[in-house]
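Colleague:
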Amino acid sequence: MTQNKFDFKADFLRRINETKRSRWIRFDIVNIIFFLWVAWLGTWWVALFSILLFDIYITGYIPLTWWKNSKNPIVRTVMSWVDAIVYALVLVYFMFTFIGQNYQIPSSSLEKTLLTGDYLWVNKMAYGPRVPMTPIHFPLVQNTFPIINTKSYLDNPQWEYHRLKGLGNVEMGDIVVFNFPAGDTVTVKVQNPDYYSIVQQVGKEYVVANPDIFGEIIYRPVDRRENYVKRCVGLPGEMFEIKDRVIYNDGKEQAQPENVQFNYFIKLKQGRLTAEEWDELGVAVDDRGVTRDMPDINVAPLTPQMVATLQSRPDIDLVELVPTRPDEYIYPLGYAEKWGWSQDNFGPVWIPQKGKSVELNDSTWAIYNRCIRNYEGNEAYIDKGTVYINGKPAKEYTFKMDYYFMMGDNRHNSLDSRFWGFVPEDHIVGKPMFVLISFDKDKKMLDGGIRWNRIFKDANPDK
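Residue numbers (this note's numbering): 45 to 507.
1) I'd like to confirm the pairing. Which residues does DSSP put opposite Q148 in its beta bridges?
2) Using a threshold of 8 Å, state whether the C-beta atoms of V166 and V221 are closer than that.
3) Which first and last residues belong to the beta strand (DSSP E) in which K311 is found?
4) Tell me, please, which residues DSSP counts as bridged to C276.
5) Roughly how many angstroms separate the alpha carbons of F449 and K248, rounded to a whole number?
6) Where does K156 sit, in a helix, a strand or coil, going by DSSP?
7) Have a look at Y147 and L164 and give me their C-alpha separation to the nearest angstrom.
8) Quick check on DSSP: helix, strand or coil for G172?
9) Here's a check: name, in chain order, each residue in its chain whose Cβ is nearer than 6 Å to the Cβ of Y292, leaving out the five neighbours to either side.
10) What first and last residue would you give for the beta strand (DSSP E) that runs through N223?
11) What does the alpha-carbon distance come out to for the pair M45 and R59?
12) Since M283 contacts W394 with CB under 8 Å, what's their CB separation in whole angstroms?
13) List the residues that DSSP assigns as beta-bridge partners of H181.
14) Going along the chain, which residues of its own chain have a beta-carbon closer than 6 Å to the beta-carbon of A424, five neighbours each way excluded?
15) By the three-class DSSP mapping on this structure, what secondary structure does Y375 have?
16) Here's a check: name, in chain order, each residue in its chain whose Cβ is nearer than 8 Å to the Cβ of Q244, leaving out the five neighbours to either side.
17) How about the stretch 293 to 312 and the stretch 144 to 161: do they share at least three Cβ pairs that are nearer than 8 Å?
18) Take P255 and list the residues in its own chain whose beta-carbon comes closer than 7 Å to its own, dropping the five residues that flank it on each side.
19) Suppose you measure from the CA of R268 to the CA of P345; what does that come to, to the nearest Å?
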């Protein structure tokens with residue numbers, strides 16, 4: 045037994061002494077970076093993995109590169125590719141998790157600030173990166189592998205929400221990428237509109253009874269929900285209200301973004317706008333609507349500058365704002381319509397703040413029950429005007445997280461917090477910094493399909 049111990053010690057020292065200076069330098073650099081990351085992470089037991097790094101670079105007891113000594117050239121070739129791919133995936137995983145990643149703008153909700161087809165670089169260190177809540181996932185897809193349509197993550201293990209220290213906090217007017225809060229429950233075959241809107245429209249029983257139409261109903265963890273991008277227009281603890289399209293925070297009017305858009309009726313004295321005129325005006329093909337009863341009248345989202353341009357034309361007969369009405373799909377579903385809330389007139393409503401409490405009654409339960417149940421994990425319900433939380437009657441509730449109100453700049457064409465409520469802090473992903481590249485799907489690749497003038501453009505010029 046003593047001899048075996050002596051042999052191990054001698055072998056250990058031999059491996060250390062035979063290690064080249066270049067490998068020691070590489071180990072030192074990697075180890076310093078690793079310990080800086082552990083300090084940032086604030087979870088010191090992770091430092092035990094430095095033993096693995098020491099073996100990889102210095103002692104080599106774990107035969108991770110066994111294939112290099114294989115006599116079979118096919119094995120060496122195949123495993124060299126496997127080794128490179130695994131290394132790249134691990135690197136991408138850490139970069140996408142803790143530093144940033146690219147994100148595509150799929151819709152026009154932030155036009156003209158961000159355009160459909162923009163690919164953004166999203167900085168996750170801006171507000172502090174989240175430690176993965178679903179740690180075992182494929183880093184290049186959000187939740188579903190394309191073509192094979194299977195989940196790209198494992199439901200277990202699940203880690204509690206923890207955010208590392210970042211460069212700042214979400215501020216008023218920031219454009220923010222976040223996980224879609226109402227995406228916690230999904231019907232696999234129909235994901236737009238969201239599950240809760242579908243239930244509001246046709247009833248839960250119908251959805252459950254028709255899997256051939258809606259598919260399987262599944263739950264998605266917070267960090268595997270779809271990524272959305274909107275502008276923060278309401279901060280935790282504020283009283284938020286929209287009156288005649290103008291936002292008020294604690295009674296103070298909020299300045300509109302320069303490129304804010306609302307839908308307008310557009311009518312020419314004769315004929316209709318041509319495709320070239322729409323392009324020159326800057327209205328995408330998908331946004332060139334026509335009224336059902338009056339086909340000679342178009343409906344399109346316009347910025348103040350676009351409105352002024354049209355009104356200056358002598359052949360224009362009408363440029364008139366499209367009014368919005370109380371809507372059953374405005375948040376909270378089933379209540380907003382009878383309260384008279386719409387896209388243009390919403391609230392007033394208090395935005396939940398960590399450590400602050402709200403009195404519980406029929407109205408506040410309607411507004412905050414998703415926060416209490418779905419986002420903060422309580423068993424809660426209301427019965428005859430009394431709210432029960434985790435089996436006990438409660439007259440008030442104290443929030444565990446901060447929440448935000450998010451809206452698109454294309455105000456009449458954005459499914460945002462007016463439709464599905466508040467964004468919890470644990471859903472925040474990061475801050476878009478600049479446009480990597482931009483593609484115009486309405487044009488051919490070699491004929492204006494690439495928007496060269498948007499490359500490296502600031503993703504939030506209003507800030």
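Glycine included, each C-beta is placed from N, C-alpha and C at the ideal position.
Model, not experiment: these values are computed from the prediction.
Modeller: Quick answer:
1) Y163
2) yes
3) 306 to 312
4) M450
5) 27 Å
6) coil
7) 5 Å
8) coil
9) E285
10) 219 to 223
11) Here M45 scores only 46 on pLDDT, less than 50, and its place in the model is too uncertain to base an answer on.
12) 6 Å
13) Y197
14) I416, R417, I433
15) coil
16) E372, Y373, L377, G378
17) yes
18) none
19) 32 Å
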